[in-house]
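With this note's numbering applied, the sequence shown covers 39 to 735.
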Amino acid sequence: MNETVRPRIAASACPHDCPSTCALEVEIFGNRTIGRVRGAQDNAYTAGVICAKVARYAERVHHPDRLKQPLRRTGTKGSGQFAPISWDDALDLVAERFIRAEQAHGPEAVWPYLYAGTMGFVMRDGIHRLRHAKKYSGFFSTICVNPAWTGFVAGTGKLAGADPREMAKSDLVVIWGTNAVNTQVNVMTHATRARKERGAKIVAVDVYMNGTMRQADLPVLIRPGTDGALACAVMHCLFRDGNADWDYLDRYTDAPRELAEHLRTRDPQWASRITGCPVETIEAFARLAGETKRAYFRLGYGFARSRNGAINMHAASCIAAVTGAWRYEGGGAFHNNGGIFHLDASLIEGTDLRDPSVRMLDQSRIGAILTGDADALRGGPPVTAMLIQNTNPVSVAPDQETVKRGFAREDLFVCVHEQFMTDTAKMADVVLPATMFVEHDDFYTAGGSQYILLGPKLIEPPGECRSNHEVICPLAKRLGAEHPGFALTPRELIDATLRKSGWGTLAELEAKRWIDCQPDFATAHYLNGFAYPDGKFRFKPDWPNVPFRRWHRTHDAPSVPPLPDHWDVIEEADSEHPFRLATSPARGFLNSSFTETPTSRRSEKRPEVMIHPEDAAALAIADGEEIRLGNRRGAVRLHARLFDGVRRGVLIAESLWPNSAYADGRGINTLTGADPVAPFGGAAFHDNKVWLEKLTT
Ligand code: SF4
């Protein structure tokens with residue numbers, strides 16, 4: 039009876055929206071149960087380390103609250119009243135409502151909506167094939183990466199950088215604007231290895247003393263949205279102190295003398311006033327950057343989620359070009375490797391059917407779109423039908439009150455394909471149960487490293503759960519949408535995509551588990567020139583024409599500063615809103631995923647906001663007291679946590695709790711704005727002015 043059942047160990051890849059995309063080893067019992075999940079030791083980036091939330095993934099897969107059968111709404115919108123329905127009836131109903139929407143307003147009235155709940159290409163992006171085939175409204179993806187990628191590419195010309203594993207060979211690792219301890223633990227693996235084996239220093243730049251800052255030798259604590267000022271002051275010191283590499287600058291950059299002249303007035307005193315960071319700390323950072331050849335700048339996403347975010351990312355990326363750190367192994371800069379994989383995803387996405395005249399709708403402006411804003415709708419018809427996969431906009435999208443008003447529309451039909459009854463699923467007309475990554479076949483690329491990884495189906499799904507592919511294909515058939523991709527299995531799609539992209543076959547990937555796509559040293563370090571026609575890094579980008587236009591421009595770039603600078607377009611505090619709020623990621627959650635797992639909920643405790651003790655004292659707010667934060671977009675109730683690891687006037691709410699976890703059902707994104715970040719759109723999640731008050735009752 040007590041005989042120990044030995045699991046088999048199967049290879050997989052983490053599907054979540056995290057740059058690491060860890061190579062996993064999953065314990066499997068029988069054909070329906072998983073056990074512990076571990077990081078693959080022999081993957082050079084994962085190196086055996088994964089985060090705690092994925093290590094206990096069995097909690098998610100075998101969670102009692104998983105959706106297991108299709109549901110049809112029986113009560114009013116958002117009432118949570120649903121009744122079971124068969125798959126055939128559910129898909130018939132969705133198809134009927136899509137056809138009705140198309141007949142009334144044309145195909146653009148249907149808006150397929152997705153995001154990164156899975157990063158697998160087959161399951162995440164197959165929905166594009168349906169929309170291209172049907173000419174439904176396009177999905178302009180802005181919510182996460184747009185400002186950051188634009189800012190990095192503005193300098194280098196390409197979304198790629200020095201091999202992330204080189205951090206372990208560095209003498210200075212600068213972790214800028216990403217709390218890697220919470221969000222991509224593998225960065226810490228390689229940075230701390232450099233410290234242990236080489237005596238490397240770690241500098242962290244952030245807006246609060248989070249886990250990463252606490253591990254740094256030099257934590258650089260600044261106010262949100264002021265990274266451009268910090269970067270300028272560091273470069274000012276590099277030029278002033280003779281630590282600029284003029285040989286490198288003359289060979290590899292576009293306007294070094296103009297930059298040096300421009301930075302003369304951007305000294306540490308100037309930056310200190312803007313950032314709140316002491317002059318001595320800025321000087322110390324500049325000295326380390328200037329005197330360490332192997333300096334690796336690991337630039338994260340967080341600091342780009344600001345109205346000046348793209349400009350700040352570009353400014354930070356300029357430092358390695360001033361010092362010439364790119365020349366050295368363990369030196370240079372890195373943000374994301376999206377530019378190295380050159381996948382031909384045409385079979386998955388149906389891009390051969392793309393009609394450029396079909397309108398694109400901005401993901402981040404879903405509230406304005408669903409409430410009929412003519413500008414957001416780009417002059418086209420209203421959206422009256424949606425299919426939503428892998429995302430939870432009623433919780434994660436900015437300007438939440440407007441989003442909720444949109445979803446409450448009686449004339450809007452919404453089908454949500456999900457794993458749990460999320461805030462968005464609750465607002466749906468039809469809810470379909472979705473598989474998790476161990477229950478379907480898919481493949482992934484790692485933005486934070488250089489691998490293509492396979493995540494095969496390992497167990498049978500519970501109940502009647504179906505994969506995204508198993509929803510898209512039968513729906514396409516009902517809608518008369520045609521494309522060869524609808525006739526292929528996920529494994530056939532993976533195999534064909536790898537072959538078309540020059541990365542071998544599925545069988546080869548299955549045997550190897552991952553493909554190392556790292557370019558050679560000279561290419562990764564741009565030693566043959568940066569990815570502009572003249573080979574020069576751009577200190578002075580042509581912002582409206584930065585070669586990052588996977589999507590279209592939301593608006594013409596306004597007066598973006600021509601050279602790195604502090605661009606003063608953030609929501610500055612004012613007398614009515616004396617605080618600046620950033621909504622940083624919590625360790626136990628990943629966007630709105632894992633908010634359902636008991637261990638994560640226990641570790642995160644409850645929605646809280648960190649406030650400096652002196653700010654709290656001035657308002658007679660005690661530690662743990664329930665308070666209200668608000669601005670013109672709405673108000674949120676949560677608990678105060680007194681914390682002296684923020685600058686005065688700055689508030690940090692580690693998120694993202696479901697709306698129902700807040701006293702009055704309003705989530706933290708009630709406070710965030712959906713106005714597009716320049717120059718190509720995005721959401722400024724960490725750039726909010728707010729008032730704060732005690733609750734009187
Ligand atoms: S660190 Fe990121 S990629 Fe790795 S297991 Fe955790 S969530 Fe997944």
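Even glycine gets a Cβ: it sits at the ideal position worked out from N, Cα and C.
Query raised in the report: Rounded to whole angstroms, how far is the Cβ of Ala192 from the Cβ of Val584, which I believe are closer than 8 Å?
Result: The pair is a contact, with the Cβ atoms about 5 Å apart (cut-off 8 Å).
**Report entry** Three-state secondary structure (DSSP) of Gln141
**Finding:** In the structure shown, Gln141 sits in a helix (DSSP, three-state: H, G or I).
Report task. Can you tell me which of the three DSSP states Pro512 falls into? Result -> DSSP places Pro512 in helix when its eight states are reduced to three.
Query raised in the report: How many Å lie between Thr734 and Ala660 at the Cα?
Result: Between the alpha carbons of Thr734 and Ala660 lies a gap of roughly 14 Å.
Query raised in the report: Between the region 714 to 728 and the region 608 to 618, do at least 3 Cβ pairs fall closer than 8 Å?
Result: Taking 8 Å as the limit for Cβ pairs, the verdict is that the region 608 to 618 does touch the region 714 to 728.
Report task. Compare the Cα-Cα distances from Ala139 to each of Val452, Leu628 and Glu634 and report the closest residue. Result -> Selection Val452, Leu628 and Glu634 evaluated against Ala139 yields Val452 as nearest (Cα-Cα).
Query - Residue nearest to Ile181 in terms of C-alpha spacing, selected from Glu731, Leu470 and Asn707 - result: Ranking Glu731, Leu470 and Asn707 by Cα distance to Ile181 puts Asn707 first.
Query raised in the report: Excluding the five sequence neighbours on either side, which residues of its own chain have a C-beta within less than 7 Å of the C-beta of Val509, listed in chain order?
Result: Taken in chain order, the residues that qualify are His455 and Leu470.
Query raised in the report: Which residues in the same chain as Leu680 place their Cβ atom closer than 7 Å to its Cβ, once the five residues preceding and following it in sequence are excluded?
Result: Excluding positions up to five away in sequence, the list reads Ile649, Pro651, Ala654 and Asp661.
Report task. For the beta strand (DSSP E) holding Leu619, just list the boundary residues, first then last. Result -> Counting along the chain, the beta strand (DSSP E) containing Leu619 begins and ends at Phe617 to Ala620.
Query raised in the report: Which two residues bound the contiguous alpha helix (DSSP H) that contains Ser355?
Result: Note, Ser355: alpha helix (DSSP H), Gly347 to Thr361.
Requested in this report: Please confirm whether any heavy atom of the ligand SF4 lies closer than 8 Å to the CB of Val183.
Outcome: No, since every heavy atom of the ligand SF4 falls outside the 8 Å radius drawn around the Cβ of Val183.
Report task. Consult DSSP for Gly116 and reduce its assignment to one of helix, strand or coil. Result -> Gly116: coil per DSSP, three-state reduction.
Query - Inter-residue CB distance, Gly77 and Val87 (contact presumed, cutoff 8 Å) - result: Contact flag correct, Cβ pair sits at about 5 Å.
Query raised in the report: Any residues whose CB sits closer than 6 Å to a heavy atom of the ligand SF4? List them in chain order?
Result: Qualifying residues, in the order they occur: Cys52, His54, Cys56, Ser58, Thr59, Cys60, Ile88, Cys89, Val92, Gln222, Val223 and Leu628.
Query - Residue of Thr221, Leu492, Ala324 and Ala701 minimising C-alpha distance to Gly280 - result: When C-alpha distances from Gly280 are compared across Thr221, Leu492, Ala324 and Ala701, the shortest belongs to Ala324.
**Report entry** Start-end ranges of the alpha helix (DSSP H) lying completely within the region 43 to 97, minimum 4 residues
**Finding:** Whole alpha helix (DSSP H) segments, 4+ residues: 90 to 93.
Report task. Check Thr194 in the structure and name its three-state DSSP category. Result -> When DSSP states are grouped into helix, strand and coil, Thr194 belongs to the helix group.
**Report entry** Coil, strand or helix - Arg685 by DSSP
**Finding:** Residue state, collapsed to three classes: coil.
**Report entry** Which of helix, strand or coil DSSP assigns to Glu731
**Finding:** It is a strand residue.
Requested in this report: Would you mind stating whether Val225 and Leu287 have Cβ atoms separated by less than 9 Å?
Outcome: The Cβ atoms of Val225 and Leu287 lie no closer than 9 Å to each other.
Report task. For Leu680, write down the residues that DSSP places opposite it in a beta bridge. Result -> Partner(s): Ile649.
Query raised in the report: Quick one: what's Asn669 bridged to in DSSP?
Result: BP columns for Asn669 point to Gly672.
Query raised in the report: Quick one: complete alpha helix (DSSP H) runs, 4+ long, within the region 402 to 430?
Result: Listed in chain order, they are 404 to 408.
Report task. Determine which residues share a DSSP beta bridge with Glu726 and list them. Result -> A quick correction: the sequence has Asn, not Glu, at residue 726. In the DSSP assignment, the residues bridged to Asn726 are Leu619.
Query - Check whether Ala271 and Ser310 have beta carbons under 9 Å apart - result: Yes. Within cutoff.
Report task. Pick out the complete beta strand (DSSP E) segments inside the region 374 to 405, 3 residues or longer, and give them in chain order. Result -> As far as the region 374 to 405 is concerned, its whole beta strand (DSSP E) runs of at least 3 residues are 398 to 400.
Report task. Assign Arg252 to one of three DSSP states: helix, strand, or coil. Result -> In this structure, Arg252 counts as helix in the three-state DSSP scheme.
Query raised in the report: Between the Cα of Ala322 and the Cα atoms of Tyr339, Glu296, Ile240 and Asp382, which residue gives the shortest distance?
Result: Answer by Cα proximity: Ile240.
Query raised in the report: Out of curiosity, what's the CA-to-CA distance linking Ala406 and Pro419?
Result: Spanning the two alpha carbons is a distance of roughly 13 Å.
**Report entry** Alpha-carbon to alpha-carbon, Glu97 and Met39
**Finding:** Model confidence at Met39 stands at a pLDDT of 44, short of 50, so the residue's coordinates are unreliable; what they give is reported in the following sentence. Distance between the alpha carbons of Met39 and Glu97 is about 25 Å.
Query raised in the report: From what residue to what residue does the beta strand (DSSP E) around Cys453 run?
Result: Phe451 to Glu456 is the span of the beta strand (DSSP E), which, as asked, contains Cys453.
Requested in this report: Measure the alpha-carbon distance for Asp558 versus Glu204 and round it to whole angstroms.
Outcome: Going from the Cα of Asp558 to the Cα of Glu204 covers about 12 Å.
Requested in this report: With DSSP as the reference, please indicate the residues paired to Gly493 in a beta bridge.
Outcome: Asp480.
Report task. Check the DSSP bridge columns for Pro557 and list the partner residues they point to. Result -> Answer is none; Pro557 lacks a bridge partner.
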